[in-house]
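Numbering follows numbering that gives the first Met the number 0, with no gaps: position 75 of the sequence shown is 74. From the three backbone atoms N, C-alpha and C, an ideal C-beta is built for every residue, glycine too. Please read these numbers as outputs of a predicted model, since none were measured by experiment.
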Amino acid sequence: MPSQQSPRPSPAPADRNPWLPQAAVGLAAIVGGVALMGLPLDRSWGLAVNEGLGEWPAFWSFLTWSGLGVCGFLLLTACSATEPRRVAGMLVALVVGGLLVHTLKRSLQVERPLAVFGADHPVFQVIGEALHKGSMPSGHSATVWAVAGLLALREGAASWWRHAWWALASLQALSRIVVGAHWPSDVLVGSGIGLLLSVGVWHLG
């Protein structure tokens, strides 16, 4: 009598929809950032990060600068010529994301940390350009997480490169707080926007 094979277990929702965890994290980051915006905790966390990690200004300055340049390089080199639609979609997403970020900046008019703490603050420091307005959300964070999210989806869960993109995007987003350009809430909302953009591009591709 032939043995009956047990049915294969159906794949988990995250396996069928690899973009689902990224979308969930992106939404959670936006909700968390909006909830944190303007609270004393937002300022105290930002000041603690700025003070605690600001001992390596060259390192953080490079990371915050590379948030745009390196992302473009990774996008063009990691997405091969056989995927022109995905490359084009990512470029469109960056443009749309940029317009969305700058529209929110103009609408919300959130002051940057330097405008709140002042240049003579005993602890707070600015590394690089001195910015005063248009803090919410972080455009750098939106860009790095949009690119990292797309590359992670492209590589798949089994690739260690996926974790490398997450680590790089996390450091680049964190650098915006360390250099004194953004509040933690700005970075959370910007990162969430970037992750949602990556999911949208993945579906378009």
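- Each of Phe123, Gly25, Ala166 was checked against the Cα of Gly53, and the nearest Cα belongs to Phe123.
- By the criterion of at least three beta-carbon pairs nearer than 8 Å, the region 132–142 is in contact with the region 158–172.
- Inter-segment contact for the region 20–29 and the region 94–106 is absent: fewer than three beta-carbon pairs are separated by less than 8 Å.
- By the Cβ test, the region 155–164 is not in contact with the region 102–120, since fewer than three Cβ pairs between them sit closer than 8 Å.
- Its Cα nearest to that of Val198, the residue Met89 stands out among Ile126, Met89, Leu35.
- Take Phe116, set aside five residues on each side of it, and the residues of its chain with a beta-carbon closer than 6 Å to its own are Phe123, in chain order.
- If you check the CB distance, Ala147 and Leu167 come in under 8 Å.
- About 14 Å separates the beta carbon of Val178 from that of Gly138, a gap too long to meet the 8 Å contact definition.
- Within the same chain, Arg111, Leu113, Ala180 come within 7 Å of Leu130 by CB-CB distance, once the 5 residues on both sides are set aside.
- Within the region 118–188, the complete alpha helix (DSSP H) runs of at least 4 residues fall at 138–154, 159–177.
- Closest by C-alpha distance to Leu46, out of Ala23, Ala87, His120, Pro20, is His120.
- Closest in alpha carbon position to Met135, among Phe58, Ala34, Val86, Leu152, is Ala34.
- By the CB criterion at 8 Å, Gly32 and Gly191 fall inside the cutoff.
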